[in-house]
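Worksheet: the structure to be examined is printed underneath.
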Amino acid sequence: MNVESEKVDGGIHPKHSAKKYIVGYLSSLVLTALAYTFALKRSFTLGPLLIVLMVLAGLQIVVQLYFFMHATEGDGPPFHLGALVLGLFFTFAVALMSVWIMGFPAFSARVS
Amino acid sequence: MPVWLTHFTTTYLMWNEGPMIWGSDVLILLTMLGIVVTLTRLRRWKWLWREWLTTVDHKKIGIMYLLAALIMMFRGGVDALLLRTQLAVPGNHFLSAEHYDQIFTTHGTIMILFMAMPFIFALFNIVVPLQIGARDVAFPYLNAISFWLFFFGAMLFNISFVFGGSPDAGWVSYPPLSELGFDFGPGENYYLLALQISGIGSIATGINFLVTIFKMRAPGMKLMRMPLFSWSVVAASVVIIFAFPALAIALALLTLDRVAGTHFFTILHGGDPMMFVNLFWVWGHPEVYIVILPAFGVYSEVVATFARKRVFGYSSMVLSLMLISVISYFVWAHHFFTMGAGAGVNTFFAIASMLVAIPTGVKVFNWLFTMFRGRIRLTLPMLWTIAFVPCFTIGGATGVMLAAAPADYQYHNSYFLIAHFHQVLIGGVVFGMLAGMYYWWPKVFGFMLDVRLGKIAFWLFNIGFYVCFMPQYALGFMGMQRRMYTYPTDMGWGTLNFISTIGAYIMGLGFLFIVIQVLYSIKHGERDLTGDPWDARTLEWSLPSPAPHYNFAVIPTVTERDMWWELKERKETDRLKLKSDMITPIHMPKNSGRPFLMGVSFFIAGFGLVFEWIPIAVLGLIGILLSLLFRAFEYGDEHTIPADEIRETEAALGRL
Chain A
390 MNVESEKVDG GIHPKHSAKK YIVGYLSSLV LTALAYTFAL KRSFTLGPLL
440 IVLMVLAGLQ IVVQLYFFMH ATEGDGPPFH LGALVLGLFF TFAVALMSVW
490 IMGFPAFSAR VS
Chain B
46 MPVWLTHFTT TYLMWNEGPM IWGSDVLILL TMLGIVVTLT RLRRWKWLWR
96 EWLTTVDHKK IGIMYLLAAL IMMFRGGVDA LLLRTQLAVP GNHFLSAEHY
146 DQIFTTHGTI MILFMAMPFI FALFNIVVPL QIGARDVAFP YLNAISFWLF
196 FFGAMLFNIS FVFGGSPDAG WVSYPPLSEL GFDFGPGENY YLLALQISGI
246 GSIATGINFL VTIFKMRAPG MKLMRMPLFS WSVVAASVVI IFAFPALAIA
296 LALLTLDRVA GTHFFTILHG GDPMMFVNLF WVWGHPEVYI VILPAFGVYS
346 EVVATFARKR VFGYSSMVLS LMLISVISYF VWAHHFFTMG AGAGVNTFFA
396 IASMLVAIPT GVKVFNWLFT MFRGRIRLTL PMLWTIAFVP CFTIGGATGV
446 MLAAAPADYQ YHNSYFLIAH FHQVLIGGVV FGMLAGMYYW WPKVFGFMLD
496 VRLGKIAFWL FNIGFYVCFM PQYALGFMGM QRRMYTYPTD MGWGTLNFIS
546 TIGAYIMGLG FLFIVIQVLY SIKHGERDLT GDPWDARTLE WSLPSPAPHY
596 NFAVIPTVTE RDMWWELKER KETDRLKLKS DMITPIHMPK NSGRPFLMGV
646 SFFIAGFGLV FEWIPIAVLG LIGILLSLLF RAFEYGDEHT IPADEIRETE
696 AALGRL
């Protein structure tokens, strides 16, 4: 982690170099572009496409948490870790179950 | 009249639609005139700006939420009475089909998003910091932004009635009905943007209170020593944070469909309308738990206080709250069992829905056991709590009936459903919020509400409730569907509908008595000089009523659960007594006008987008951007209250 030890205004938060934010920003752009292209060009058949898109979405979450939300840093009790685990649990529950619900027979027959 | 003026009055002011619009126009103008004249004559403009519009004090924000919620309850209630008047007799033509659609849409949306939500936020703001021993919420500035986003979202939604036309696709606004092809007026845009704006505020409130509770508890207040209302706020905030984004996405995609010509939810170009339904309920079901959980918190406080007993099964109460908030994410498909997702999906969601009854049942039994052999005092908060138990239990039982997927094919969208959700939302949420309002009213305003008028309101509202909604269960079984604006005589629904309408009017009378009660008590209500009028249990009652600006002159050290009660029992309240040398200067956040101006900017941007008047929308967006920028470069947003000033305040309150 490239965290400089310099403190801002006597605050408790260490200052980050711009590099981390730029890398984060670019990688989120690349991930979005990839997902968009795959979906637009129908690069795979439906089943694999869904899986690839979900993996890309998962990576996007990691980018957000690591580069922008600084999930790996911080002092004090790690409340945020509990919150993150709960959040991931809800995210996967909602996303996977939505795929399950919305994949009802008549609908799948039409799009694939 | 010149042509352009006629065009304007017809298209935007809808003056061709008859007396209801004219009446509303006149009333709105008179109200605004009244407010302006009163403020000017009493020279209160500056006071309004300094004390209220720019405040970041959680107690004042709570009061503003409370007022807004009551006003919205009035608007939603009037909508309900119009609907019931239309349905009172068969073949009625009091409202046209179009107006009926608009009114049931605004009734539902307002009651959930602009009445129930601000009501729970009112209690969050009024109670949580006082209960956990904090001086304010974690992010007071954000708290003010949340309020003003809610307020201007609600304004945007409400002006649709007199400017451009109300939304009319139901409070769920399913496509394709809510798409441009079937619903091209500005009404639907109003719905989408108003909900989007107030939704941003709600997410911020959820984050704010979760952080407040995790980070700002008084020393010694471990999580398991926290009062149950604060626990219920934790549960509700968790649900808010994870559920509201789903609504934001659903609304944004539908807005894009309508404004930018995308096809997320139109079948024509490969979109899927059912995906909106899915996303809507990913938020929509957790939403009903968001509003009921704080009500559960209120009941726990009220029952313990007025039975003079520690709440029965504290840890099982906490566990139930958290379980409900987790299970709430696994039940949403029960709102569209009839979509045809297949037996597997329906079975899973049916069982998950029934599971919710278990932690809820645990809570109901705990409240009953708390009352068991307690020394019960029938005060107004306690009355509403006792009335809640049977009402919510019946509502819960019919909920389990609806959760059985095969049977749901019969009940789906019938009046049986309408009766069920009104029973849990009124019997659960509204009763709970009113109990909470009565309970904390003296803490907020420093005077008690008149008991006699309150009891009249209570009985009218309760009797009215059963008269109104019990017949609707039967009507559902007889085949009456929701959202039908009229029905023929030979269906045999006339009598029950007429009874139901009578009940609705009795409830309206009950609300009127609450208003009278408040107005009467402002003048004649007994002042609360003790700070603890109910002989209650938790920390907020150790403060004077109303609490001073900084809440606690010295932050107390908490040693046990229900500490205030335990100290009173052991006659050790002196432990919280102030000594002059304990008082040190206090840092408090500065007031700021920016949250209000940001709300105005959101309103302008939203209004521009509703009519797709892009320059106005851009103007609003620039305002939002500017307020964000100015905040980013703001330093020194705190001020210090000197110790001497605190000593003076406390001495004036007789505490030093």
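These protein sequence lines map, in sequence, to chains A and B. Per the working numbering, the very first residue in the first sequence carries number 390; after that it's consecutive. Per the working numbering, the very first residue in the second sequence carries number 46; after that it's consecutive. Glycine included, each C-beta is placed from N, C-alpha and C at the ideal position. Fair warning: this is a prediction, and the values are worked out from it, not measured in the lab.
### Query
For B/G63, which residues in chain A fall below 7 Å Cβ to Cβ?
Mapped onto the second sequence, residue 63 of chain B falls at position 18. Per Cβ cutoff of 7 Å: no residues; B/G63 is ~43 Å from chain A at best.
### Query
Name the DSSP beta bridge partners of B/Q526, please?
The residue given as residue 526 of chain B occupies position 481 in the second sequence. Looking at the DSSP assignment, B/Q526 forms a beta bridge with B/S459.
### Task
Report the partner residues of B/M633 according to the DSSP bridge assignment.
Here residue 633 of chain B refers to the residue found at position 588 when the second sequence is read from its first residue. DSSP, once it has assigned bridges, lists B/H684 as partnering B/M633.
### Environment of B/Q36 [buried if 16+ CB atoms lie within 10 Å]
The displayed coordinates of chain B run from 46 to 701. Any statement about residue 36 of chain B would go beyond what the structure contains.
### Task
Within 10 angstroms of the Cβ of B/Y145, are there 16 or more other Cβ atoms? Answer buried if so, exposed if not.
To locate residue 145 of chain B, count along the second sequence from 1; it is residue 100. It counts as buried.
### Cβ pair count under 8 Å reaching 3, the segment 379-398 of chain B against the segment 313-327 of chain B
yes
### Message
Beta-carbon within less than 7 Å of B/N458's beta-carbon, same chain only, minus the 5 sequence neighbours each way: which residues are those?
### Response
Along the second sequence, read from residue 1 onward, the residue named residue 458 of chain B stands at position 413. These residues qualify, in order along the chain: Q526, R527.
### Query
Looking at chain B, which residues of the segment 468-491 of chain A have a Cβ within less than 9 Å of any of its Cβ atoms?
In summary, the residues of the segment 468-491 of chain A whose CB is separated from some CB of chain B by less than 9 Å are F468, A472, L475, G476, F478, F479, T480, A482, V483, M486, S487, W489, I490, M491, in the order they occur in the chain.
### Query
Does A/G399 have its Cβ less than 8 Å from a Cβ in chain B?
For the purposes of this step, residue 399 of chain A is identified with residue 10 of the first sequence, where counting begins at 1. Per-residue confidence for A/G399 stands at a pLDDT of 44, beneath the threshold of 50, marking its modelled position as unreliable; the derived number appears in the next sentence. No, its Cβ sits nowhere closer than 8 Å to a Cβ of chain B.
### Task
Going by DSSP, name the residue or residues bridged to B/F492.
Here residue 492 of chain B is taken as the residue at index 447 of the second sequence, counted from 1. Per the DSSP secondary-structure output, B/F492 pairs in a beta bridge with B/R572.
### Task
Taking B/N323 as the query, report the chain A residues whose CB atoms sit under 8 Å from its CB, ordered along the chain.
Residue 323 of chain B sits at position 278 when you count from the first residue of the second sequence. By Cβ distance, chain A contributes S487, I490, M491.
#### Entry: Ranges of the alpha helix (DSSP H) found wholly within the segment 427-476 of chain B, counting only runs of at least 4
Segments of the alpha helix (DSSP H) lying fully in the segment 427-476 of chain B: 450-456, 460-469.
#### Entry: Buried or exposed by the 16-neighbour rule on C-beta atoms within 10 Å, applied to B/I108
Residue mapping note: residue 108 of chain B aligns to position 63 of the second sequence, counting from 1. Counting Cβ neighbours within 10 Å, B/I108 comes out buried, since at least 16 surround it.
### Query
Cβ atoms of B/L240 and B/L296: under 8 Å apart, would you say?
By one-based count along the second sequence, residue 296 of chain B stands at place 251. By one-based count along the second sequence, residue 240 of chain B stands at place 195. A contact, by the Cβ cut-off of 8 Å.
### Query
With DSSP run on the structure shown, which of helix, strand or coil describes B/H52?
For the purposes of this step, residue 52 of chain B is taken as residue 7 along the second sequence, with counting starting at 1. Helix at B/H52.
### Message
What does the Cβ neighbour count give for B/V71, buried or exposed, with the cut at 16 atoms within 10 Å?
### Response
Looking up residue 71 of chain B in the second sequence gives position 26. B/V71 comes out exposed.
### Task
Could you check which residue in B/A280, B/V496, B/P634 has the C-alpha nearest to that of B/L368?
Position 323 of the second sequence, counted from the first residue, corresponds to residue 368 of chain B. Relative to the Cα of B/L368, the nearest Cα in the group B/A280, B/V496, B/P634 belongs to B/A280.
### Span of the alpha helix (DSSP H), counted from its first residue to its last, around B/F357
Here residue 357 of chain B refers to the residue found at position 312 when the second sequence is read from its first residue. Neither: B/F357 is in no alpha helix (DSSP H) and is coded neither H nor E.
### Query
Assuming B/P231 contacts B/V655 under a Cβ cut-off of 8 Å, what Cβ separation, rounded to an integer in Å, is found between them?
On the second sequence, position 186 is the one that residue 231 of chain B refers to. On the second sequence, position 610 is the one that residue 655 of chain B refers to. By a beta-carbon distance limit of 8 Å, B/P231 contacts B/V655. Their separation comes to about 5 Å.
### Message
Check whether the segment 151-170 of chain B and the segment 563-581 of chain B are in contact - that is, three or more C-beta pairs closer than 8 Å.
### Response
no
### Message
I want to verify the contact list: residues of chain A whose CB lies under 7 Å from the CB of B/A386, in sequence order.
### Response
Residue numbering aside, residue 386 of chain B sits at position 341 when the second sequence is read from its first letter. Close to B/A386, with beta-carbon spacing below 7 Å, are these residues of chain A in chain order: I490, F493.
### Query
Which residue comes first and which comes last in the alpha helix (DSSP H) that contains B/L111?
Here residue 111 of chain B is taken as the residue at index 66 of the second sequence, counted from 1. It spans 103-132 - the alpha helix (DSSP H) in which B/L111 sits, taken as one unbroken run.
### Task
Check the C-beta distance from B/V172 over to B/W485 and give it rounded, since I have them as a contact under 8 Å.
The sequence position of residue 172 of chain B within the second sequence is 127, counting from 1. The sequence position of residue 485 of chain B within the second sequence is 440, counting from 1. Between B/W485 and B/V172 the Cβ distance is about 6 Å, and since that is below 8 Å, they are a contact.
### Query
How would you call B/F192, buried or exposed, if buried means at least 16 neighbouring beta carbons within 10 angstroms?
The sequence position of residue 192 of chain B within the second sequence is 147, counting from 1. Buried, by the Cβ-count rule.
### Message
One question on the structure: do B/F351 and B/P426 come within less than 8 Å of each other, judged by their Cβ atoms?
### Response
Residue mapping note: residue 351 of chain B aligns to position 306 of the second sequence, counting from 1. Residue mapping note: residue 426 of chain B aligns to position 381 of the second sequence, counting from 1. Cβ distance < 8 Å, so B/F351 and B/P426 count as in contact.
### Task
Return no unless some Cβ of chain A is closer than 8 Å to the Cβ of B/A4.
Examination of residue 4 of chain B is not possible in this model, given that chain B is present from 46 through 701 alone.
### Task
Using 10 angstroms around the beta-carbon of B/R129, count the other beta-carbons present and answer buried if the total reaches 16, otherwise exposed.
Looking up residue 129 of chain B in the second sequence gives position 84. With 16 or more Cβ atoms within 10 Å of its Cβ, B/R129 is classed as buried.
### Task
In the DSSP assignment, find the alpha helix (DSSP H) that holds B/R582 and state where it starts and stops.
The residue labelled residue 582 of chain B in the question sits at position 537 within the second sequence. In the DSSP annotation of this structure, B/R582 is not part of any alpha helix (DSSP H), being labelled neither H nor E.
### Task
Identify each residue in the segment 374-399 of chain B for which the Cβ-Cβ distance to at least one residue of chain A is less than 9 Å, and report them in chain order.
Y374, F375, W377, A378, F381, M384, G385, A386, G387, G389, V390, F393, F394
### Residue range of the alpha helix (DSSP H) that includes A/H469
Translated into positions along the first sequence, residue 469 of chain A becomes position 80. Its alpha helix (DSSP H) spans residues 468-491.
### Query
From B/M482 to B/I396, what does the alpha carbon distance come to, in whole angstroms?
As a working note, residue 482 of chain B is residue 437 in the second sequence. As a working note, residue 396 of chain B is residue 351 in the second sequence. Put simply, the backbone Cα of B/M482 is about 35 Å away from that of B/I396.
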